[in-house]
Each structure stands twice: as structure tokens, then as C-alpha cells.
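Numbering (my numbering), first residue to last: 18 to 170. So the structure is just underneath, and the comments pick up after that.
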């Protein structure tokens, strides 16, 4: 699995929470990658209707509130798919082998069940949950840092 989904969540969180207009270079600096990669992710998000932008102007906007954008919607947009497909089965198993003959049929239902469970979990979570987690962790870190300063002084 690649990092496109995590990068998309990073980008969308910044778009949601930043009050100034964000360029692809600013987003790339935060993500730690190059601006051309960010533009590819932005294009996927825009094509799926999650964000908007205006030709010739810097900046992006969410088309809906963060609590209205499920993680499943984001995942499917980034994967350019209408369903989750995590597991590929090798195509050239030997049909004369007792395992090779049936292994695909043995794995497919297990893989399908896992993919359905993941889709349901992502459907229940939203971009707002990611943002809330970000603020929660940020606040915890600040509290820990303040305690360290207090203890050492």
C-alpha cells in the first residue's frame, strides 16, 4: 500500500484548518515531498469533488464540511476506484499443484471480508475525526512539554 491516502489526509487537514491560501509548494513543504506529487493528489481530490480551486488563483477549498467527508470517500478518490481492493492474488498458480489449483478460491472470500470491514470502518470515520485527533495530540504534546519545562526549572 502506498502513502497517497495519508498524504491526502494531510493535505485536506491543512486545507480545512489553514486560513491563508495554500499553494502546492506550501503543502509539499509540510508533507515533505515535491509540489508535482502534491498536484497529482490535488487533481484526484478535485476530480472526485472533494476540493475546488480556481484556475490561475492560489488556494483550495473543501466542497463540504470535514464531518461530511468520510475517509472512505477520500480513500476511493485517491485510489481512483469505486471499491476497496487491497489484496491481489497471483495469476499464475500451477493448476496441477493441489495448493495452486485452489488457493485463489481459498483466499478470495477472506480478502473480500477484510476489504468490506475496512470499507465500513472508513465509512464511519470522517476528515473531522482526523482533525480532532490532530488537535488532541497537539494539546497532549504541549502539556507534556510544559511539564518538562516545569520539572527542569
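Beta carbons are placed, not taken as given, at the ideal position from N, Cα and C, and that holds for glycine.
- For the 9 Å CB-CB criterion, residue 148 and residue 33 form a contact.
- In this chain, the alpha helix (DSSP H) harbouring residue 130 covers 120–141.
- About 6 Å separates the Cβ atoms of residue 58 and residue 28, confirming a contact at the 8 Å cut-off.
- In the three-state DSSP reduction, residue 96 falls in the helix class (H, G or I).
- Closest by C-alpha distance to residue 112, out of 105, 122, 104, 103, is 122.
- Scanning 105, 88, 145 for the CA closest to the CA of residue 126 turns up 105.
- Straight across, the Cα-Cα distance linking residue 140 with residue 86 is about 9 Å.
- Rounded to whole angstroms, the gap between the alpha carbons of residue 95 and residue 21 is 7 Å.
- Per DSSP, residue 21 is one residue of the alpha helix (DSSP H) stretching across 21–34.
- A Cβ-Cβ contact shorter than 9 Å links residue 144 with residue 30.
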